[in-house]
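Step one of this worksheet: look at the structure below.
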Amino acid sequence: MNNSGYIKTSKNPDLITFKVMSGGTELPGKYGVKSIVVEKEVNRIPYARIVILDGSVPEQDFKLSNEDLLIPGKEIEITAGYHLDEQTIFKGVVVKHNIKVRNGSSYLIIECRDKAVKMTLGRKSKYFYDSKDSDIIGELISNNGLTANVQATSNSHKELIQYRASDWDFMLTRAQANGKLCFVEDGTVKIAKPDFSKKEVETVVYGSSVHEFDGEIDARDQFKKISAKTWSYTDQELTEVEAQDPAVKLNGNLSPDDLAKVFGIDDLQLKHGGNLTQSELQDWSDAKATFQQLAKTRGRVKFQGIPAVKPGVSLMLQGVGNRFNGKIYVTGVRHEIAEGNWLVDAQFGLSPTWFSETYDVSEMPGSGIIPSISGLHIGKVSQLESDPDGEDRILVQIPIINNEEEGIWARVATLDAGENRGSFFRPEIGDEVIIGFINDDPNDAVVLGMLNSSAKPAPIVASDDNNEKGFVTRSKMKMIFNDDKISYTLETPKGKKITVDEDADVIKIEDEHKNTLTLNKDGISMESGKDIKIKAKGDIKMEGTNIGIKASAQFKAEGSSGSELKSGAVTVVKGSQVKIN
């Protein structure tokens, strides 16, 4: 580490030299470069902006712009140093080529990005199976033709879904959830936890080497404790973990605990309503704790340019007071070469706002092709038949949109649906229903369920015991389950009923005509208020230990083709008179 108080450059900094190369060819010296800006930051794509003098009023032409050297897609390398002792400070590709005329001066302005910019282009959807986040991230990087350097993560996902997100956004959200940062340099994407143990590459001293300095300490970002909770459907209870203290020891003499006392918020709670594993929850809370402590002291320091300063290295700050003196972790750099000088701005600290909170990582609701509709909405059924498209939809009015018109055609979610099979329960016209929208598009409505209220009360009175459940139709046909009696009842409005009752140990069929069929431990009993007729096209057979048939009036047995009465023992035929033939 340099302790001289001055920035140690490779050669005397009195002569700045640099090169701009396109496809390995150096930009000809006849084109004057007005300025070069290179920006590199954690979790960002490196950027370069080159302003070149171009354009001739007499010739009415932009000669450099006409050439193929700096058109979009050309590979660019920028080197910088002193007295021709130069090192690369940027490699990438041209993404924008524009000319500008202002106040009699004309310029060609070239904007470049690292090749990793490809990861930001286009939203994608994909399933990942039985993979760790580090495996998934490595795959995303490699699929974009880049070099991957990914620190291993611990959790393996049976399933993980990338939905309508760019590879870049998906990668960064997963990296942050594991407490890692993204470093991009010259087509290599590195994913790793911040390493605060590295030796400082330079010492920057106010009064000798500091050109500009901004520093801030914000107590709002520090907390005594960070915890995370999720719902475990396996255990049917909340799972809670507490973040481990990352003990980030960087510049300044105010600790995170000192600042946490300012507002006395003891616990910053992170909550996820899904089913994260305890390990995932721990990684998330630990990551939050690390990034919050990195946000304790933030700022930038500008000094003479050197290539060694880049995201992920450390610097030593001196001469800026006890609140800011000490080791800083560099999270961003800005090289600027202009007017014969090369200065670098080193950013330290990290925003407490996560990547997913800063950028729009999710696709717009409704895919952005129509103003979207969010949440669930109340609807009233207008019509059940004659779907104009033949899609088994029903017509539903949404009062909050328009209470006068018939509404829109909506699909109906049901318990089971398939080709010529499934459950079929349609609401009645005038019923109140709850409606959701596919992709938040107001033109793709789905009836998710039906609603009761005091205006349309439920057919069964609710109780905390919740013993009765069932279905009652408009005409009062009932299908009722009772978990107290352990019974099941089918009933029509006039009293036709089938009851299966575990409590009474009976199966009973009855009607309003006093006809009953009872099955219980004593056997089967059949009763009728009138006649019982048994008729079969085939045989009727009765068999039992004893069979007794008794007629209170007349008993008749007749066989058209013959009759037979026999016994293996005594046969008794009695009557006041017995006639045979």
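Each residue of the sequence shown is one higher than the last, beginning at 490 in our numbering.
Don't be surprised by glycine CBs; every beta carbon is placed ideally from N, CA and C.
Going by alpha carbons, who is nearest to residue i out of the options?
{"i": "L597", "options": "K604, L1008 and K589", "result": "K589"}
{"i": "K713", "options": "E701, S1052, S697 and Q733", "result": "Q733"}
{"i": "L1054", "options": "E628, I1069 and R653", "result": "I1069"}
{"i": "I525", "options": "E908, N830 and K682", "result": "N830"}
{"i": "K679", "options": "Q758, Q640 and D772", "result": "Q640"}
{"i": "D990", "options": "I969, E917 and G984", "result": "I969"}
{"i": "S595", "options": "D550, E530 and K497", "result": "D550"}
{"i": "S912", "options": "L904, I918 and G919", "result": "L904"}
{"i": "A666", "options": "V546, I534, L542 and F844", "result": "F844"}
{"i": "T786", "options": "S643, L670 and Q711", "result": "Q711"}
{"i": "P982", "options": "E999, K974, Q576 and I975", "result": "E999"}
{"i": "R653", "options": "E731, V850 and C601", "result": "V850"}
{"i": "V995", "options": "K613, G984 and I975", "result": "I975"}
{"i": "R882", "options": "K613, L940, S863 and R915", "result": "R915"}
{"i": "V822", "options": "I987, E1016, V531 and P502", "result": "V531"}
{"i": "S1017", "options": "K1003, K647, K688 and I1023", "result": "K1003"}
{"i": "L748", "options": "N644, I918 and R812", "result": "R812"}
{"i": "S643", "options": "S768, I949 and R963", "result": "S768"}
{"i": "D756", "options": "I862, I715 and I927", "result": "I715"}
{"i": "G925", "options": "S863, A537 and S774", "result": "S863"}
Report back the beta-carbon spacing between residue i and residue j to the nearest angstrom; my notes put them in contact at under 8 Å.
{"i": "I706", "j": "R663", "result": "Not quite, the Cβ-Cβ distance comes to about 31 Å (not below 8 Å), so this is no contact."}
{"i": "I562", "j": "V583", "result": "What sits at residue 562 in the sequence shown is Gly, not Ile. Contact flag correct, Cβ pair sits at about 6 Å."}
{"i": "N956", "j": "D972", "result": "5 Å"}
{"i": "I560", "j": "H586", "result": "6 Å"}
{"i": "P796", "j": "I539", "result": "With 8 Å as the limit, P796 and I539 do not qualify as a contact, their Cβ atoms being about 17 Å apart."}
{"i": "L635", "j": "T609", "result": "Incorrect: roughly 12 Å between the Cβ atoms, too far for contact."}
{"i": "I650", "j": "Y616", "result": "6 Å"}
{"i": "V802", "j": "V833", "result": "No, V802 and V833 are not in contact; Cβ-Cβ is about 12 Å, not under 8 Å."}
{"i": "P683", "j": "D603", "result": "Between D603 and P683 the Cβ distance is about 20 Å, and since that is not below 8 Å, they are no contact."}
{"i": "S655", "j": "R612", "result": "6 Å"}
{"i": "S698", "j": "Q771", "result": "About 42 Å separates the two Cβ atoms, so there is no contact after all."}
Does the Cβ of residue i have 16 or more other Cβ atoms within 10 Å, making it buried, or fewer, making it exposed?
{"i": "S952", "result": "exposed"}
{"i": "D1011", "result": "exposed"}
{"i": "V790", "result": "buried"}
{"i": "H824", "result": "buried"}
{"i": "Y618", "result": "exposed"}
{"i": "E880", "result": "exposed"}
{"i": "P745", "result": "buried"}
{"i": "S686", "result": "exposed"}
{"i": "P888", "result": "exposed"}
{"i": "Q758", "result": "exposed"}
{"i": "I1036", "result": "exposed"}
{"i": "G1048", "result": "exposed"}
{"i": "P800", "result": "buried"}
{"i": "A784", "result": "buried"}
{"i": "R533", "result": "buried"}
What would DSSP say about residue i, mapped onto helix, strand or coil?
{"i": "K615", "result": "strand"}
{"i": "Q628", "result": "Just to set this straight, residue 628 is Glu in the shown sequence, not Gln. Note: E628 maps to helix in three-state DSSP."}
{"i": "K777", "result": "helix"}
{"i": "G855", "result": "helix"}
{"i": "E705", "result": "strand"}
{"i": "V606", "result": "helix"}
{"i": "N1009", "result": "strand"}
{"i": "N830", "result": "strand"}
{"i": "N555", "result": "helix"}
{"i": "L597", "result": "strand"}
{"i": "N928", "result": "helix"}
{"i": "M966", "result": "coil"}
{"i": "S1050", "result": "coil"}
{"i": "A664", "result": "helix"}
{"i": "S1065", "result": "coil"}
{"i": "Q807", "result": "strand"}
{"i": "Q767", "result": "helix"}
{"i": "L1080", "result": "Residue 1080 is absent from the structure shown; the chain starts at 490 and stops at 1070."}
{"i": "L748", "result": "helix"}
{"i": "S845", "result": "helix"}
{"i": "D755", "result": "coil"}
{"i": "S875", "result": "coil"}
{"i": "F914", "result": "coil"}
{"i": "F659", "result": "helix"}
{"i": "S686", "result": "coil"}
{"i": "D734", "result": "coil"}
With a threshold of 8 Å, are at least 3 pairs of Cβ atoms found where one atom belongs to the segment 768–780 and the other to the segment 809–825? no
How about the segment 790–810 and the segment 507–514: do they share at least three Cβ pairs that are nearer than 8 Å? no
Three Cβ pairs or more, each shorter than 8 Å: is that satisfied between the segment 758–767 and the segment 715–725? With the cut-off at 8 Å, the segment 758–767 and the segment 715–725 touch.
Across the segment 923–937 and the segment 882–900, are there enough close Cβ pairs to call them in contact, namely three or more that are closer than 8 Å? yes
Count the C-beta pairs between the segment 872–892 and the segment 842–858 that are closer than 8 Å, then say yes if the count reaches three, no if not. no
Would the segment 692–700 and the segment 654–663 be scored as touching if the rule is three or more Cβ pairs under 8 Å? Output reads no: the segment 654–663 does not touch the segment 692–700.
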